[in-house]
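In the working numbering, the protein residues as written are 1061 to 1511. Even for Gly, the Cβ is constructed at its ideal location relative to N, Cα and C. What follows is a short report on a single structure.
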């Protein structure tokens, strides 16, 4: 068995793990790099020939750091199928089309206002590229087994996001398990991760490998922020991942209104076409959630859905207190940038990042206390209050990952810790080594191993 780590081996993002077993090559995830420019520049490198020659891609879930490079791979010549759960397939369609549209818009804006350093700014991929990739996605339901040559593929739900699963590859007596992103036992929307019993080789994520989630009550904290901000005449901006996080925020806001903890008539806006579509998908796949179907059906009751760009531009100029949920969750692009330009300079407002912020993103800079951030080629002063509520994170924390690992019947022959910044990955490596006595290591970017 050979494993080649093409991404997410020295950082959280860019998930691409090429596995060769029994003569079959399977690419586990095909994600975009995000965060620091030195990482984002990897997205523009041509795919390695081994990636183009993979027999298939298997997606753990639809987040762009796991699926967002598929259009680039397909455009470069990949001809194989892409397997994912039905819910992941549905979400990936929404997310990849939105990603392509945003990149096209950003390139047009950069060329129009001449803030590109290139002769002509180009998108990483186009809408047409995204559509070609989406057409290759084949649904594979959890619990079913797929044969790729002599390798058998199966998926196990792990919470985190609608459709998210761990991937198991089995050939003869050898089994490789890739955790994907593990969810929380106490997630607002998703059930706890299912147990996986056996792995000879294990790839496990480490996003929160060096920390624990705060035990604060998410509903109480957000309610207090909204009440305090509205009382001083400000608005609350919630930069949010359109898929998963936006729906969790809607759920909490509806509960706050229902219990009278925030004003019932306080305007709430969902300003993200992708989040609107994703909310519909969550309602369609509600049997996969831990929330009662009747409550999921009311997520957007009384919420203004902002679908058109002209509506969003008008909303960005409003001067009355409101709660605005807008993508993206790390403020790397999208409509949230227009709201940040308007709200950040005014200390009455409050910007709340509801989850992990990858290093190098605007979200990470703002959470760290940056006095200004660059948006659309100009620096915007950050005078508004900025908070981070990691209690909304969809990732298992260090204790949660360890709890999942203890569910294996026997130690794997080798465990690789992936999907973490250096400190987080090494902290989890040490815990696995010291507490479980497993053989474990953190692979380098580009590392190739024979197990």
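The ligand GDP and residue i: does any heavy atom of the ligand fall closer than 7 Å to the residue's C-beta?
i: residue 1376; result: For the ligand GDP, the structure offers nothing, since it holds no ligand at all.
Excluding five sequence neighbours on each side, which residues of the same chain lie with their C-beta closer than 7 Å to the C-beta of residue i?
i: residue 1357; result: 1343
i: residue 1283; result: 1316, 1321, 1322
i: residue 1173; result: 1437
Pick from the options: whose alpha carbon is nearest that of residue i?
i: residue 1280; options: 1451, 1408, 1476, 1157; result: 1451
i: residue 1491; options: 1461, 1102, 1185; result: 1461
i: residue 1295; options: 1376, 1270, 1253; result: 1376
i: residue 1093; options: 1477, 1153, 1072; result: 1072
i: residue 1387; options: 1362, 1334, 1370; result: 1334
i: residue 1209; options: 1363, 1354, 1082, 1389; result: 1082
i: residue 1214; options: 1496, 1237, 1173; result: 1237
i: residue 1285; options: 1445, 1402, 1510; result: 1445
i: residue 1222; options: 1338, 1169, 1267; result: 1338
i: residue 1197; options: 1149, 1424, 1509, 1430; result: 1149
i: residue 1187; options: 1173, 1291, 1164; result: 1164
i: residue 1308; options: 1250, 1331, 1509; result: 1250
i: residue 1290; options: 1383, 1439, 1151; result: 1383
i: residue 1448; options: 1417, 1385, 1234; result: 1417
i: residue 1366; options: 1396, 1350, 1353; result: 1396
i: residue 1428; options: 1204, 1312, 1411; result: 1411
i: residue 1138; options: 1179, 1086, 1202; result: 1086
i: residue 1507; options: 1488, 1292, 1496, 1476; result: 1476
i: residue 1120; options: 1511, 1212, 1202, 1432; result: 1202
i: residue 1064; options: 1327, 1158, 1109; result: 1109
i: residue 1112; options: 1091, 1140, 1098, 1099; result: 1140
i: residue 1243; options: 1374, 1078, 1459; result: 1459
i: residue 1097; options: 1493, 1319, 1487, 1419; result: 1419
Thinking residue i and residue j are a contact (beta carbons under 8 Å), I'd like their distance in whole angstroms, please.
i: residue 1299; j: residue 1413; result: 6 Å
i: residue 1269; j: residue 1484; result: 4 Å
i: residue 1032; j: residue 1464; result: The structure shown does not extend to residue 1032, since the chain is modelled only from 1061 through 1511, so no value can be given for it.
i: residue 1455; j: residue 1220; result: 7 Å
i: residue 1363; j: residue 1330; result: 5 Å
Per the DSSP calculation, residue i is bridged to which residue(s)?
i: residue 1390; result: Its beta-bridge partners do not exist; DSSP assigns none.
i: residue 1061; result: BP columns for residue 1061 are empty, so no partner.
i: residue 1234; result: 1231
i: residue 1265; result: 1478
i: residue 1411; result: 1297, 1446
i: residue 1378; result: Bridge partners of residue 1378: none, in fact.
i: residue 1520; result: This structure cannot speak to residue 1520, because the chain is shown only from 1061 to 1511.
i: residue 1438; result: 1435
i: residue 1452; result: Note: residue 1452 sits in no beta bridge, so no partner.
i: residue 1162; result: BP columns for residue 1162 are empty, so no partner.
i: residue 1099; result: Partner(s): none; residue 1099 has no beta bridge.
Which same chain residues end up closer than 6 Å to residue i when comparing Cβ atoms and leaving out the 5 residues on each side of it in sequence?
i: residue 1505; result: 1069, 1070
i: residue 1499; result: 1474
i: residue 1199; result: 1146, 1149
i: residue 1107; result: 1133, 1136
i: residue 1421; result: 1095, 1390, 1392
i: residue 1191; result: none
i: residue 1324; result: 1317
i: residue 1372; result: 1331, 1366, 1395
i: residue 1062; result: 1080, 1510
i: residue 1306; result: 1300, 1335, 1385
i: residue 1424; result: 1417
Excluding sequence positions up to five away, which residues of its chain have a Cβ less than 8 Å from the Cβ of residue i?
i: residue 1469; result: 1257, 1258
i: residue 1182; result: 1167
i: residue 1287; result: 1321, 1322
i: residue 1293; result: 1381, 1408
(message) Which complete alpha helix (DSSP H) runs does the region 1282 to 1343 hold, if anything under 4 residues is left out?
(response) 1305 to 1318
(message) Report the start-end ranges of each beta strand (DSSP E) in the region 1111 to 1139 that is 3 residues or longer and not cut off at the edges.
(response) 1116 to 1118
(request) Return the chain-ordered ranges of every alpha helix (DSSP H) run that is complete within the region 1183 to 1236 and spans a minimum of 4 residues. (result) 1187 to 1194
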